[in-house]
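Per the numbering used here, the sequence shown starts with residue 173, numbered consecutively.
By construction, the Cβ of each residue, glycine as well, lies at the ideal position given by its N, Cα and C atoms.
I have placed the structure first, in the form of C-alpha cells, so that the comments after it can refer back to it.
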Amino acid sequence: MMNQDVNAEIIAIGTEILLGEITDTNSVYIARTLRDIGLNLYYMTSVGDNEKRIADVIRTALSRAQVVITCGGLGPTVDDMTRQAVAAATNRELVFHQELLNAIAERFASFRVQMSENNRRQAYLPNQAIVVENPVGTAPAFIVEHDERVVISLPGVPREMKFLLNERIVPYLRDRFKLGSGVIKARVLRTAGIGESTLDAQIGDDLLQQSNPTVGLAAHTGQVDVRITAKAASAEEADRMITEVESQLRSRIGPYIFGVDDEKIEAVVVRLLQEKQATIAISETGIGTPVSQSIEAAAANGRDVVRVTETYANPDELRLALAEAQDLPIRKLAEQAAERLYHQSGVTAAIAVVSDPNVVDHADAQGGTAIAVYMVERSRSREYGFGGQSDVAATWVTTWSLSMLWRLLKEQFDGA
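So, in C-alpha cells, the structure goes:
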C-alpha cells in the first residue's frame with residue numbers, strides 16, 4: 173500500500189547558482205525522480221555557500237517535509253559547507269571517519285593523483301550519519317535520520333548525484349517510508365493558438381480544482397502546456413486516471429492540442445504539411461534564418477515542405493524589394509511580405525519575419541520584430557519590442573511563427 177503523505181524538499185547549494193553562473197539542472201532531475209516514486213514535492217530552494225543560511229534553510233525544510241535532499245557543497249574546499257550546516261541544523265557534532273579518508277585516498281590513487289590534505293574535510297560527517305559510499309567520485313554522500321525525518325546530502329557533480337540517487341537513495345527511501353510501488357505520473361498536453369486565460373476558462377474549475385489527478389497550466393513562448401498529474405499505487409492505475417482526465421480535456425480544448433509530452437511544434441507542423449502535401453514559403457529579415465533552420469531540421473527532406481526561402485539583412489532592404497512598402501511600420505511590412513510571398517510562390521502558406529538587427533529590446537509599442545503568417549484569405553501577425561540582437565529573438569519568432577502556422581493549417585484542413 174502506498175504511503176500518501178510523504179513530503180520532500182530539495183535544497184540546491186552553491187553561490188554560483190544564485191549568481192546565474194550555472195543552471196540548476198540537478199534539482200529538476202531529483203524532482204522527477206521523487207515524483208516517479210510517489211513523493212510529494214512542494215518546495216525547491218537555492219542557497220549560497222554560507223553555513224548559517226544553509227542550516228536555516230535545512231531547519232525550515234525539516235519543519236514541513238519528511239525528506240530533505242541537499243545537493244552540492246560536499247567538496248574539499250573551504251566554501252563546501254553542507255556537512256557543517258547539516259550537523260548544525262540537526263544539533264550534532266561532526267565526527268571524523270578514518271575509513272572514509274582511506275576510501276577517498278584509494279580513489280585518488282586509482283587516478284594516479286596525489287590526494288590533497290584538504291580532502292580530509294570530506295571524512296567528517298554529522299554524528300551517527302549513514303555513510304553513502306560514492307564509487308563514481310570522491311565526495312561521500314550521507315543520510316542523517318532526525319526526529320522521524322531524514323536529511324540526504326548528495327554531491328553536486330551531476331554524474332555522481334544521479335548515480336547515488338538512483339542506486340542508493342531511491343532504494344533507501346522506498347524501504348524507509350514503505351513506498352511500495354506507488355508512483356506519481358504526469359502527461360503534458362501541448363497547446364498552441366490560445367492564450368492561457370482563455371484556455372483556463374475553457375478547461376473549467378471542475379478539472380482545474382480537483383485534487384487527484386491534478387490539472388495545471390504552464391505558459392511558454394507561443395504555447396501553453398496542460399499538465400495532468402496522477403498519484404496512484406501503480407503506474408497502470410496512474411495511466412488510467414490520466415487517460416480519463418485527458419479524454420475530458422480533449423473534449424473541451426481538443427482543437428488547440430498539437431502534441432503530447434515531448435513533442436515539438438516544428439515536428440508536428442512538418443508532419444501535418446507532409447500528410448496534407450502542403451508547402452510553405454519563408455521570408456526572414458534581420459535575424460538570420462531560425463525559422464527555416466527549425467523546419468529543415470525537423471523534416472527528412474526540407475524541400476518537401478519548404479518551397480521558397482528568402483532572407484534580407486534589414487527591414488530597409490525588404491522595403492526596397494517591396495516598392496509599395498516604403499512607409500509601412502514593421503508589423504504591416506511583415507504582413508505584406510507574407511501575403512506577397514504567398515501569391516508569388518504558389519504555396520499553401522507563407523511566413524514572414526521582420527526584425528531590426530540593430531535593436532536588442534525596448535517596449536513592445538515601438539516594435540523591434542514582427543511575424544506574419546498568411547494562407548488563402550487567413551492571416552495572423554504579432555509584434556514585439558525585442559530586435560535581432562536580443563537573445564530571445566530566435567526562439568520567440570520560431571515558436572510563435574510555427575504556432576500560428578499550425579493553427580491556420582488546422583483551420584484550413586480540419587475546420588478546427
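For a quick check, are the C-beta atoms of Gly560 and Gly394 less than 8 angstroms apart?
no
Are the beta-carbon atoms of Val569 and Val519 separated by less than 8 angstroms?
no
Suppose you measure from the CA of Arg579 to the CA of Gly587; what does that come to, to the nearest Å?
10 angstroms
DSSP three-state assignment for Val569, whether helix, strand or coil
helix
What is the rounded straight-line gap between the Cα of Glu188 and the Cα of Ala453?
44 angstroms
Take the Cβ of Ile194 as the centre, count every other Cβ of all protein chains shown within 10 Å, and call the residue buried at 16 or more, exposed below.
Looking at its Cβ environment, which holds fewer than 16 other Cβ atoms inside 10 Å, Ile194 is exposed.
Terminal residues of the continuous beta strand (DSSP E) containing Val178?
First-last for Val178: undefined, no H or E at that position.
Three-state secondary structure (DSSP) at Glu555?
The answer is strand: DSSP assigns Glu555 an E or B state.
Phe585 (DSSP reduced to helix, strand or coil):
helix
According to DSSP, is Glu320 helix, strand or coil?
coil
Asn175 burial status per 10 Å Cβ neighbour count (16 or more: buried)
Per-residue confidence for Asn175 stands at a pLDDT of 48, beneath the threshold of 50, marking its modelled position as unreliable; no derived number is given.
Which of helix, strand or coil DSSP assigns to Ala469:
helix
So, is Thr370 buried or exposed, given that buried needs 16 or more other C-beta atoms within 10 angstroms?
exposed
Taking its Cβ as the centre, do 16 or more other Cβ atoms sit within 10 Å of Met173, making it buried, or is it exposed?
Unreliable placement is indicated for Met173, whose pLDDT of 40 sits below 50; the coordinate value is still reported in the next sentence. Counting Cβ neighbours within 10 Å, Met173 comes out exposed, since fewer than 16 surround it.
Would you check if there are 3 or more beta carbon pairs closer than 8 angstroms linking the stretch 475 to 486 to the stretch 402 to 417?
no
Please classify Gly247 as buried or exposed, where buried requires at least 16 neighbouring CB atoms within 10 angstroms.
buried
Hey, is the stretch 294 to 306 in contact with the stretch 314 to 324, meaning 3+ C-beta pairs nearer than 8 angstroms?
With a cut-off of 8 angstroms, the stretch 314 to 324 and the stretch 294 to 306 count as touching, because enough Cβ pairs lie within range.
For the stretch 333 to 344 against the stretch 380 to 394, are there 3 or more C-beta pairs whose distance is under 8 angstroms?
no
Contact between the stretch 461 to 481 and the stretch 546 to 561 is defined here as three or more beta-carbon pairs at a separation below 8 angstroms; is this criterion met?
In this structure the stretch 461 to 481 does not lie against the stretch 546 to 561, because fewer than three pairs of beta carbons, one per stretch, are closer than 8 angstroms.
Name the DSSP bridge partner or partners of His392?
Gln395
Classify Val200: buried if its beta carbon has 16 or more other beta carbons within 10 angstroms, exposed otherwise.
exposed
With a threshold of 8 angstroms, are at least 3 pairs of Cβ atoms found where one atom belongs to the stretch 500 to 510 and the other to the stretch 460 to 476?
Contact between the stretch 500 to 510 and the stretch 460 to 476 is absent: fewer than three C-beta pairs spanning the two stretches fall below 8 angstroms.
Considering just the uninterrupted stretch of the beta strand (DSSP E) at Thr242, what are its terminal residues?
Judged by DSSP secondary structure, Thr242 falls within the beta strand (DSSP E) whose first and last residues are Val239 to Cys243.
For Lys350, name the three-state secondary structure that DSSP assigns.
It is coil, neither helix nor strand.
Using a Cβ-Cβ cutoff of less than 7 angstroms, which residues in the same chain neighbour Ala622 once the five nearest sequence positions on both sides are dropped?
Residue 622 cannot be examined here, being either before or after the span of the chain that is shown, 173 to 588.
Excluding the 5 residues flanking Thr249 on each side, which residues of the same chain have their C-beta closer than 6 angstroms to its C-beta?
Once the five neighbours on either side are set aside, Thr249 has no close Cβ partner at all.
Below 6 angstroms CB to CB, which residues in the same chain sit around Val229 once its five sequence neighbours on both sides are set aside?
Ile183, Thr217 and Val219
What does Glu339 pair with, by DSSP beta-bridge criteria?
In the DSSP output, where bridge partners are listed per residue, Glu339 has none listed.
Within 10 angstroms of the Cβ of Asn274, are there 16 or more other Cβ atoms? Answer buried if so, exposed if not.
exposed
Alpha-carbon to alpha-carbon, Val532 and Arg264:
53 angstroms
Could you pull the DSSP bridge partners for Glu456 from this structure?
Thr483 and Val525
Taking the beta strand (DSSP E) that Thr541 belongs to, which residues open and close that run?
Thr541 to Met547
What does the Cβ neighbour count give for Thr401, buried or exposed, with the cut at 16 atoms within 10 Å?
So Thr401 ends up on the buried side.
Using only the heavy atoms of the ligand SAM, determine whether one of them is closer than 7 angstroms to the beta carbon of Val250.
Of the ligands one can find in the structure shown there are none, so the ligand SAM has no counterpart to examine.
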